[in-house]
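Protein chains in written order, with this note's numbering: chain A, 1 to 370; chain B, 1001 to 1370; chain C, 2001 to 2370; chain D, 3001 to 3370; chain E, 4001 to 4370.
Remarks on the structure that follows.
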Amino acid sequence: MKHPDPDITHPKIGLAPGTIKYTGSAPKERVKLTVFVYNESFIEMKVYYDWSELEKYIQKFDDSYVKWLNVDGINHIHLIEKVGEHYKVHSLSLEDIVHIEQRPKFEEFDHYLMCIFRAFYYLEGSDDAHKMQNLISEQLSVVLAKDNTLISFQENISVDPFEIIRKRLSNNKSKIRRAKADYLFYALLDATIDYYFLCVEKLGDRIEGLESEVIKDKSISISAKNLFKIYRLKKDIIQLRKIVWPMRDMVNSILHSDNEMISENTKFYLRDVYDHVVRIIDGIETQRELVSGLIDFYLSMNANKMNDVMKFLTMISTIFIPVTFIAGIYGMNFDIMPELRHPYGYFIVLILMFIIILTLLFYFRKKRWM
Amino acid sequence: MKHPDPDITHPKIGLAPGTIKYTGSAPKERVKLTVFVYNESFIEMKVYYDWSELEKYIQKFDDSYVKWLNVDGINHIHLIEKVGEHYKVHSLSLEDIVHIEQRPKFEEFDHYLMCIFRAFYYLEGSDDAHKMQNLISEQLSVVLAKDNTLISFQENISVDPFEIIRKRLSNNKSKIRRAKADYLFYALLDATIDYYFLCVEKLGDRIEGLESEVIKDKSISISAKNLFKIYRLKKDIIQLRKIVWPMRDMVNSILHSDNEMISENTKFYLRDVYDHVVRIIDGIETQRELVSGLIDFYLSMNANKMNDVMKFLTMISTIFIPVTFIAGIYGMNFDIMPELRHPYGYFIVLILMFIIILTLLFYFRKKRWM
Amino acid sequence: MKHPDPDITHPKIGLAPGTIKYTGSAPKERVKLTVFVYNESFIEMKVYYDWSELEKYIQKFDDSYVKWLNVDGINHIHLIEKVGEHYKVHSLSLEDIVHIEQRPKFEEFDHYLMCIFRAFYYLEGSDDAHKMQNLISEQLSVVLAKDNTLISFQENISVDPFEIIRKRLSNNKSKIRRAKADYLFYALLDATIDYYFLCVEKLGDRIEGLESEVIKDKSISISAKNLFKIYRLKKDIIQLRKIVWPMRDMVNSILHSDNEMISENTKFYLRDVYDHVVRIIDGIETQRELVSGLIDFYLSMNANKMNDVMKFLTMISTIFIPVTFIAGIYGMNFDIMPELRHPYGYFIVLILMFIIILTLLFYFRKKRWM
Amino acid sequence: MKHPDPDITHPKIGLAPGTIKYTGSAPKERVKLTVFVYNESFIEMKVYYDWSELEKYIQKFDDSYVKWLNVDGINHIHLIEKVGEHYKVHSLSLEDIVHIEQRPKFEEFDHYLMCIFRAFYYLEGSDDAHKMQNLISEQLSVVLAKDNTLISFQENISVDPFEIIRKRLSNNKSKIRRAKADYLFYALLDATIDYYFLCVEKLGDRIEGLESEVIKDKSISISAKNLFKIYRLKKDIIQLRKIVWPMRDMVNSILHSDNEMISENTKFYLRDVYDHVVRIIDGIETQRELVSGLIDFYLSMNANKMNDVMKFLTMISTIFIPVTFIAGIYGMNFDIMPELRHPYGYFIVLILMFIIILTLLFYFRKKRWM
Amino acid sequence: MKHPDPDITHPKIGLAPGTIKYTGSAPKERVKLTVFVYNESFIEMKVYYDWSELEKYIQKFDDSYVKWLNVDGINHIHLIEKVGEHYKVHSLSLEDIVHIEQRPKFEEFDHYLMCIFRAFYYLEGSDDAHKMQNLISEQLSVVLAKDNTLISFQENISVDPFEIIRKRLSNNKSKIRRAKADYLFYALLDATIDYYFLCVEKLGDRIEGLESEVIKDKSISISAKNLFKIYRLKKDIIQLRKIVWPMRDMVNSILHSDNEMISENTKFYLRDVYDHVVRIIDGIETQRELVSGLIDFYLSMNANKMNDVMKFLTMISTIFIPVTFIAGIYGMNFDIMPELRHPYGYFIVLILMFIIILTLLFYFRKKRWM
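The following block contains the structure:
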């Protein structure tokens, strides 16, 4: 991804509000419409590539069935407009769904509720300098419509956080099967948040790794590689943090909504999601502090080592410079230099030099410079 | 622009409150009054340079027509006073309109609503040291009057954010044509905010550019040019931030106004504007953090390189100083220096020097200073 | 002024609360009582040095006249006590008026409203090290009493922010003349705040001046004078900021007071004052950020220049030390040193030295240290 | 413990919500169920390893007896599920209890109240580099059920903060014996918080110890050991702080709950707990400031000492380099060097060198560099 | 005092709540009970060392008399328990009174109000390194009981802030004499706060003293003494700040209490105390900023001076090293060195050296390094 701040690109200057235009970079494959229809005793999954057929299919089921419609890839505007028309979704909402750099938000409308959030995945990978980030993210939109229907929109860039829910649906005893579409909505949100924990844990592992490297590090200079690792770590933390804070507000506004589409029982579960988001925020803020403490420790540590080296080297120079001067004096070629004639002159000078060196060493030691 | 903080200049000490005096520096050209009169089926655009003619013209249309009056250039006080008189605009409001350093604000009056905000444009340009800023801004004022009329005031310094709206008006199917003046007000605000996204994106590009320069940079010293770029970037971010935060409060107070002039439907669209402003704030705050992380990285990186160089240079001196001292000893001219007479004296001393150099190199290597 | 924080001096330990004692350092001249009595058609100004005469004078005018009583110099406690007694001002209020280090505040009482604030003036002046501040401030107190009377108390240390109001009063068409005492109160507050803009602008000029000095500065070391300028600038900003923030709260509490003495119309004007205070706060906070950005820029800039110089100097030493060692070797006086006898020995050594110097230069260049 | 941030590990991706799975690392011993049944005149303590027997036992006592059921070790899921079933504890609550990285929280349910918090113990120990922390923590969960019953769940990793309560129970005159289960709940919370004070005090001792070491420290370089101590101290403070802040919110929400299970009298005591938590927060925040002040002091102190040393060493070099140059001149072997022939040449040069050295020393002294 | 943070010591782990145990270090002298009984026309002061006698004495006076009971020294638990029993003071309140590390707080009970706060005194004294603090503090507790009685508890460590009130009481015209016990409560609080102003002023003097020392300082290195002074100053500010912030909350909660024991008139005076506390907070926060600005100034100033010295010294070395090399060349003993034979060789080399030195000086000057 090119921009340091993906949320702030591709302005749509000149487009009328409510103009639906996909702004992401997902491949232009055919949109896949996956539909799950289920209740406690029945479940059927179908895949369509065309809206009209799907429309016919779901009209066969009344409101006692939960209908989960997943739109995979959001670049086919016409299809999305048809879905929106059917469920009376406002054009501004559709614009938000296909405009992939939304801030997490929850909005209530007459005929539906809409929730836009962001999934984070952690890409393990080499620490090479060219790869700027380990965290990738993807926009997910969920529309909870009136007739026990939930429509989810995915960019489908990488891992699919909803996969685990599909697996759980197949289990007849699963709580999702006994509940309405709002519980499915909760389940999707919860599954997405679970990946946040993974990201925070991976960031924690990197901090730990850096910490042990820093403590073991015996070399004098700070390795540019470590500095770069710290820089990238900070960038990842900034990016995750930027999304998680509005996530908290979003979940909170769901909790305080009095819309009848979200049952009190589901809200009880959503409180749990809220707790998770708050714990993730706690974790990220703690990591910020830990990283900044680690950097301070690293820099002071190395400034100190560096000082020791420079002091040692300068001390050696300082010891030899005065005695080199004495040698210089007796290297002069004056005709009359009485000392040079003295039979023990040389030995006396050698001893003198030795005494000077010892005195300096003793002085440095006394001053505790060595 | 001369002042680092344009919002805080030209105090009007001594002027009575409500004194209308233009404080900007726009050229003193003739004021141009552009008027659009439209409804769903009709549209007419006229340009006047005189208020009385314009007044006659618009009186021909009843309240079912939206009247958009755009005052281009706000230095002709007399004309603005006439407009204000006609629409019963308070003198304090007129003072705010021509006093170009206002904080974004929304105010409700008996006969009209007033909204003052600021448009930002990004000037691409050379990175030369003399140009202090890439962001230029201009005050825009909008008065929403009772009889389906909107009056906008522009300084007309540079790009015109309202141009796009004029184009859209000509389209008979445009939503603006079907709506009232309050929707036009929303459209103008939305068009202005869209330019903010552009500014934030351009700032993001600059951060990115600096980042790749910093990572690729192999030289020892920090280039003064890069430091200056960072400084200017920070200034631009500070300036944009200063305006965007009150913009949020302004849009929020529009949303919470219960004035009947702004319809619920328009408020729905204004909520979208609010989301945009919040996203811009998020973007700017993230950029602040990214810039500060980048600076820390850059400075540590270079302090480290510098340390390596100084250490290397000092080490070379340290290696040669002791052996130079030995050479100095045998350069002394004492009559009696037994070693000098020894047939292998010279070779022994050379070997001794060689051993000393090797020992020091070995010691430095062992200590991991090299 | 001696104390770095004038708000926190002269505790009155041991004084009973409500003890009225002047704590300032204004000269002990005679107190001057200036009284303006006016309505739309009439205006008279008188100066008294005695309360009883003044009392007689103002009793001639009924409530349709605005009476503005200005107490010039607040060191004559007895007179102030008499004024307070006449208007039923609480002894704690009188204590606040003469105790010159108050925090800006607004208080409502049964018979009057009291507002204490602070005027700031900017003293142009030399940048010499002995003068610690350019901003001087003075406490102003305003009591709005029931019978259309306003009493203002001034320390009279320097410029008089109320002068402009006196001039405007003489104009028969002035809005002040048509309004009641509460509008006069607004006018005084507004005139005082206008001086804040001047101060912020002057601070802005200093920041700008420093900025251009810093950018043009070609010398290696940071000038102590510039450091001191920055230090003083920061002190001025801290001081102004300390007063402006409570000013905002003060104006806000006036706006939210439901006291009938302040009319809705005047509140409308006071909203404008509130906007001004908020703009001043914005300006100061922006200046704080600009100054801190400027300091960072300056320090990095110079650290960098300094590093370049040290690197250059150290490099010169490093280049000459090895060749000086070689010269030292052939300066030794051993009897048997074959090279010395060689006919081209000298030239070979010279060439060798030359090669060593070139190699080092080439190495430094390759490493991009030069 | 491996992770720097233990609260953020072991995500449960893929588990359905309400799945009860122990996530801690406590040894897999048999779960011990300790039950206290008491009122003012009666007390009996029993230990069970099986739920059904315990169930039979407690059914013998009516609501006038307080029943305190302590589950020691939370890895036996089946037993905990049985306990939960009996007291109608929601599966999400049970999940929270066995999922050991919860944020402190208080939740109200129809049949019970649940409170999850964290006990901190301070491990005295060697300051060796391999041990990263002195603070260890453990999750404690308390369920206050309807029929005067309190169930507590412990991980049992180290010291048991509830021990002191067990001792106090045996005293017939103890207030706990006269009160209901809600007072027992308060007593457990209070006992846990008391250990926080101990931790804060121990951290205070470490700060003090570091302070006196820093002040006494006469050596030039910062000891790596001290830097590491500071780093670990900061980590401990960050970790404690992370838990204490949500503790405050938790106790506050207990205080503001209007659930009848917690009597007004107990709330009175809980207010005391709240005060304690706030005092602990005050203490930690003060310690953060003290540590950061100490670090700044230490680093400036040593930078200063280091500068002094480098200045001294460089000064010695500077003094000898010019005179060594003079000696070098008269060591040249030119045929014609008049000074060399002069009878006093040598002495004159020696005196010259002496004068140069004195001049430099005098200059340095005058400039106050020495 | 041993602990850096005295508020966080001596945890009472294991003590039942409400256990009254003195935790301070005041000398174990006999407790002195001083009682003042007064109304407007009558005043009597008695000293008792025994509760029962005192009890008999005060029962002679009805509620029209204010009874002020001062407990001097809080280490005699039995006596304090008796006092508490008589006035129906809750055991938790008594525990707070004798537990000397409370956070300032105000609590309302059925029969009394309790207020715990902290007095600060400034100890003038030598600036020696062994004395860590100039601020000492002491806990004061005030219980306002129903029958016009006020009981104050003092640790009696140093200066007595209540002394001034005792003096004022003897004055028959004093407002205290005409008021009830709640006004006495205000008077005690106000007298205590007045000492805070003194502390802030003394801290201000120290900042000022440091400032002028720093500006006058001509030496190169930062004096360790000044660093230590700054460190201690920061510690004092941190400590004072820690108490003043909760003081504000405390006074605020007194103001918002609707307890009838505190009359509206007294609240009016307490608003004044609130203003004082806010001013003290303003003063401390400003001092924090001033100190941090001063430190930055000091460190930059000295880093700069140090750089100048190092640059100068290195420049001298750099100038002499190339010419010393040339001298070294002509000090070599090769048989064939044509220059040595040249009659003007010596002079040419001397001139060459001179030119090199001049060139370097000129280069340094041109580069503005000198």
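From the three backbone atoms N, C-alpha and C, an ideal C-beta is built for every residue, glycine too.
Partner residues on chain E for residue i, Cβ-Cβ distance less than 7 Å
| i | result |
| --- | --- |
| D/E3289 | I4238 |
Same chain, Cβ closer than 7 Å to residue i, neighbours up to 5 away in sequence not counted
| i | result |
| --- | --- |
| D/N3304 | none |
| C/G2283 | V2200 |
| A/I281 | V244, W245, R248 |
| A/A119 | S137, E138, L140, P161, T192, Y195 |
Nearest-angstrom Cα separation, counted from residue j out to residue i
| i | j | result |
| --- | --- | --- |
| B/L1135 | A/E81 | 38 Å |
| E/I4176 | B/D1110 | 53 Å |
| C/N2252 | C/I2243 | 14 Å |
| A/G328 | C/Y2346 | 21 Å |
| A/I8 | A/R103 | Only weak support exists for where A/I8 lies, its pLDDT of 41 falling under 50; the coordinates are left without a value. |
| D/K3367 | C/S2300 | 27 Å |
| E/Y4363 | C/M2337 | 40 Å |
Residue i in three-state terms, based on DSSP
| i | result |
| --- | --- |
| A/S223 | coil |
| B/D1007 | Here B/D1007 scores only 40 on pLDDT, less than 50, and its place in the model should not be relied on; the value that follows carries that caveat. Correct three-state label for B/D1007: helix. |
| B/W1245 | helix |
| A/F162 | coil |
| C/V2143 | strand |
| A/L188 | helix |
Chain-ordered chain B contacts of residue i [CB-CB under 7 Å]
| i | result |
| --- | --- |
| C/W2369 | I1220, V1309 |
Which residues DSSP lists as bridging residue i, in chain order
| i | result |
| --- | --- |
| E/D4072 | E/K4032, E/Q4154 |
| D/F3106 | D/C3115 |
| E/F4120 | E/S4137 |
| A/M45 | A/F36 |
Cβ neighbours of residue i in the same chain (closer than 8 Å, five flanking residues each side left out)
| i | result |
| --- | --- |
| E/D4147 | D4063, K4067 |
| E/L4294 | I4207, L4210, E4211, V4214, I4230 |
| E/K4311 | W4369 |
| C/L2233 | L2203, R2206, I2207, L2210, V2291 |
8 Å Cβ cut-off: residues of chain B touching residue i
| i | result |
| --- | --- |
| A/I316 | T1318, I1321, P1322 |
Other residues of its chain near residue i: CB distance less than 6 Å, five sequence neighbours each side excluded
| i | result |
| --- | --- |
| D/H3276 | I3193 |
| A/K46 | V35 |
Contact list for residue i against chain C, beta-carbon separation under 7 Å
| i | result |
| --- | --- |
| B/G1328 | G2328 |
| B/G1331 | G2328, G2331, M2332, N2333 |
Chain-ordered chain C contacts of residue i [CB-CB under 9 Å]
| i | result |
| --- | --- |
| B/K1167 | Chain C residues near B/K1167: none, gap ~34 Å exceeds 9 Å. |
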